[in-house]
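First to last, the protein sequences are chains A and B.
Counting the first sequence from 1 gives a position; the numbering used here is that position plus 12.
Counting the second sequence from 1 gives a position; the numbering used here is that position plus 12.
There are 2 protein chains.
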Amino acid sequence: MATRNLNSHRSIQDNLLKRIHSGEWQPGSLIPTEAALADEFGCARTTVNRALRQLASEGLVIRKRHSGTRVALTPIRKATLEIPIIRHDVEMRGHTYNHMILKSEALQPPLWVQVRTGLKHHDKMLYLQTLHLSDNRPYMVEDRWVNLNAVPQIEAAPLHEISPNEWLVRKVPYSRGEISFSASLADEEIAGILETKLSAAIFVIERSTWMGDTSITTLKMYYPENYRLTTVL
Amino acid sequence: MATRNLNSHRSIQDNLLKRIHSGEWQPGSLIPTEAALADEFGCARTTVNRALRQLASEGLVIRKRHSGTRVALTPIRKATLEIPIIRHDVEMRGHTYNHMILKSEALQPPLWVQVRTGLKHHDKMLYLQTLHLSDNRPYMVEDRWVNLNAVPQIEAAPLHEISPNEWLVRKVPYSRGEISFSASLADEEIAGILETKLSAAIFVIERSTWMGDTSITTLKMYYPENYRLTTVL
DNA sequence: TTGACATATATGTACGCACATAACAATATT
DNA sequence: AATATTGTTATGTGCGTACATATATGTCAA
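Following this line, the structure appears as C-alpha cells:
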C-alpha cells in the first residue's frame, strides 16, 4: 500500500504532538482512545500504542488503565544530562587532555563522606585528588573517595595513565546514583590548584554512586567560573 | 502457559542489564542477535526487540542495522532534570510560596539576549524581573525576556497572581529549549535582592525556549549559595 | 584493481489477534 | 446501607508473520 509509511508511529506521534502544541487538546483533557485513533489513522492499535507510549515516556501525556490518556497538566519537559568521561568533554572541545594525580592515600572518610555514603569512619577508603587539564591549563579539580571494600582492584590500577574518573566509569558498574549542582567560593586550596583568585565563583558537581546498597564512590568536582554545563530540552 | 510472564520485555531487559553490569558482556562487545536471544528466552523476536530498543534509548547499547547490537563503550548514564514550576519546588519542601514582580517594562533587548534569541535590537521584548519567595524569604531572582511578537497575550496576563514562570509554562508551548548551569558572583543588584553578601556565590540557571524558529523567552535564574539542584541517575 | 551489482543478514516497523490487568460502574447480596 | 460480585472498558503486553531498510560481503565484469 502507498499509504503505509504515512501511518508510521513516528508520523502519528508528530501528528498527536501537533494537536497538543496547537492547543487543540488542552492540558488535562482526555484524548481519544487508542482504538479510536487507530481507526482515525487507519492503522493497527499497536501502532498508536507505541506512539502514545513514547509520548508518555517523554512526559507529555499521562496514561492510566481504564481511565484513558490525557495531556499532561504540566507538560514537564525533561533535560537529560549525560555523565561524561572528562577526557571526552575536553577533547570534544578540540583541546588536548591531561590529568595529574595530586593526592592518593588510604584514609578514614571525613564526616560529609560518611553521611553521603553510609560508610563508617573505620571503613577503608581511598582518597584521590585529581587535576584535569585542558591544553595543559587547569580545567577541573576532582576530590574523590572510593570504597576500597567494594573496589579493591583500584589500588592496582594505572591511574597515572587513565584517570580515576575514566577507570571507574569503564570498569565499575553501578546501579544507582545521585548528582547535585551548586555554587561556592574558592578556598585557598582550590584557588591555588585552579589558578583562580581566592573567593572566585566555583561551579560544583557532586556525585555518588552505589551498587545495590554498597557505596562505590563519591566525589566533588570543582570548575572555575567560566565553565558552563549546557544541555538541550 | 505458566512461563508466559517470565518472558515479559521487562524481565528480559533486567536479564540483559545484569549481564552488562556483571561484565559478562564487556563494553564494546557484540551481543547475540535478536533472533538468538528470542530463541534463548523462548519468546518472540518482537519482545526481545522491545527490550533492546528500551536499553538503546537509555544509552546502554548501540544498535546498527546489519552490524548488530553492542554494549555501549561508555555506558552513558543519563540524569533527567525536570523543568519545574518554581512554586511546586518551594511547596514540595513544605514552605509557602510567594512572588513579586520587581520590574516589568517593554524594552529593546540587550546584546546577550539578542545573541541568545536571534532577535534584533528593534524587536519588542518584555523584560520581567521576578523575585520568588519561600516562607517570605528570598528564594530566587529571575531575569526574564519575553518575545512580545510571539506571546502578545502576556501583556494582559495577571502576573501578580500567577508568576511569569508558571504562566508561561502553562500557557505557551515550545518545541525546543536549551538550559545551562554555571556559577558566578553576586553583583550589587542581585546581592541586594537576595539579601546575600556582595560577591557571594550565586548558582545560575539560564534557559531559552523556542517554538520552531521563533524565540519565546530567555531567562536567567539566580539562586543563593545554599541552593542545591539534586537529581538521581 | 576497481567499480557495479547482487546477496545475505540484522535491525526496524507494521499488522492482527489474543489475553492480562487495573479501575470504574452497575448490580446483587447480606 | 454497607459490602460483594460481576461486567465493562481502556490500556498493557505478547505472539507470529510479513515486509522494509541499511550495511557488510562476495561476485563478476570492465
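Glycine included, C-beta positions come from ideal geometry on N, C-alpha and C.
Could you check which residue in the options has the C-alpha nearest to that of residue i?
i: residue 81/A; options: 66/A, 129/A, 222/A, 216/A; result: 66/A
i: residue 107/B; options: 188/B, 241/B, 146/B, 167/B; result: 146/B
i: residue 226/A; options: 245/A, 188/A, 210/A; result: 188/A
i: residue 92/A; options: 104/B, 44/B, 191/B; result: 191/B
i: residue 98/B; options: 183/B, 221/B, 177/B, 220/B; result: 177/B
i: residue 254/B; options: 142/B, 153/B, 198/B, 163/B; result: Only positions 13 to 245 of chain B appear in the structure, and residue 254/B is not among them; the question remains open.
i: residue 117/B; options: 138/B, 102/B, 111/B; result: 138/B
i: residue 156/A; options: 196/A, 103/A, 180/A; result: 180/A
i: residue 194/A; options: 129/B, 37/B, 29/B, 234/B; result: 234/B
i: residue 223/B; options: 199/B, 232/B, 185/B, 231/B; result: 185/B
i: residue 245/A; options: 26/B, 95/B, 72/B; result: 95/B
i: residue 208/A; options: 68/A, 102/A, 100/A, 152/A; result: 152/A
i: residue 71/B; options: 60/B, 242/B, 206/B, 29/B; result: 29/B
i: residue 210/B; options: 78/B, 121/B, 220/B, 198/B; result: 198/B
i: residue 21/B; options: 36/B, 54/B, 32/B; result: 54/B
i: residue 216/A; options: 242/B, 200/B, 221/B, 219/B; result: 242/B
i: residue 74/A; options: 32/A, 161/A, 57/A; result: 32/A
i: residue 205/A; options: 148/A, 167/A, 134/A, 143/A; result: 143/A
i: residue 50/A; options: 27/A, 68/A, 36/A, 173/A; result: 27/A
i: residue 78/B; options: 62/B, 43/B, 125/B; result: 43/B
i: residue 133/B; options: 123/B, 141/B, 140/B; result: 123/B
i: residue 23/B; options: 125/B, 101/B, 64/B; result: 64/B
i: residue 201/B; options: 129/B, 183/B, 119/B, 115/B; result: 115/B
i: residue 110/A; options: 182/A, 172/A, 214/A; result: 172/A
Provide the residue(s) that pair with residue i in DSSP beta bridges, ordered along the chain.
i: residue 121/A; result: Its beta-bridge partners do not exist; DSSP assigns none.
i: residue 141/A; result: 115/A, 155/A
i: residue 207/A; result: BP columns for residue 207/A are empty, so no partner.
i: residue 212/A; result: Bridge partners of residue 212/A: none, in fact.
i: residue 229/B; result: 158/B, 221/B
i: residue 150/B; result: 145/B
i: residue 73/B; result: 83/B
i: residue 42/B; result: 82/B
i: residue 242/A; result: 192/B
Could you check if residue i is buried or exposed, using at least 16 other CB atoms within 10 Å of its CB as the buried criterion?
i: residue 159/A; result: buried
i: residue 229/A; result: buried
i: residue 16/A; result: Per-residue confidence for residue 16/A stands at a pLDDT of 41, beneath the threshold of 50, marking its modelled position as unreliable; the derived number appears in the next sentence. The residue in question, residue 16/A, is exposed, as its Cβ has fewer than 16 Cβ neighbours within 10 Å.
i: residue 34/B; result: exposed
i: residue 47/B; result: exposed
i: residue 85/B; result: exposed
i: residue 240/B; result: exposed
i: residue 76/B; result: exposed
i: residue 13/A; result: Residue placement at residue 13/A is flagged as unreliable, the pLDDT there being 35, under the threshold of 50; the coordinate-derived value follows with that caveat. Label assigned to residue 13/A: exposed.
i: residue 165/B; result: exposed
i: residue 175/A; result: buried
i: residue 131/A; result: buried
i: residue 127/B; result: exposed
i: residue 237/B; result: buried
i: residue 38/B; result: exposed
i: residue 41/B; result: exposed
i: residue 232/B; result: buried
i: residue 113/A; result: exposed
i: residue 220/A; result: buried
i: residue 196/B; result: buried
i: residue 154/B; result: buried
i: residue 121/A; result: buried
i: residue 58/A; result: exposed
i: residue 56/A; result: exposed
i: residue 25/A; result: buried
i: residue 168/B; result: exposed
i: residue 119/B; result: exposed
- Item | Contiguous beta strand (DSSP E) assignments of at least 3 residues, all confined to the region 153-202 of chain A | 188-197
- Task: With a floor of 3 residues, list each beta strand (DSSP E) that falls wholly inside the region 76-110 of chain A, ordered by position along the chain.
- Result: 80-83, 90-94
- Item | Residues within the region 14-44 of chain A neighbouring chain B, beta-carbon criterion of under 9 Å | 29, 32, 33, 34, 35, 39
- Query: Relative to chain B, which residues along the region 229-245 of chain A have a C-beta separation below 7 Å, given in chain order?
  - Reply: 237, 239, 240, 241, 242, 243, 244, 245
- Of all the residues that make up the region 189-212 of chain A, which are near chain B by a beta-carbon distance shorter than 7 Å? 189, 190, 191, 192, 193, 194, 195, 196, 197, 211
- Query: Looking at chain B, which residues of the region 91-121 of chain A have a Cβ within less than 9 Å of any of its Cβ atoms?
  - Reply: 91, 92, 93, 94, 95, 96, 97, 100
- Message: Along the region 45-63 of chain A, where does the CB come closer than 8 Å to a CB of chain B? Name the residues.
- Response: Look at the region 45-63 of chain A: it has no residue with a C-beta under 8 Å from a C-beta of chain B.
- chain A contacts from the region 162-185 of chain B (Cβ-Cβ distance under 8 Å): 181, 182, 185
- Task: Check each residue of the region 69-81 of chain A: if its Cβ is closer than 7 Å to any Cβ of chain B, include it; give the result in chain order.
- Result: none
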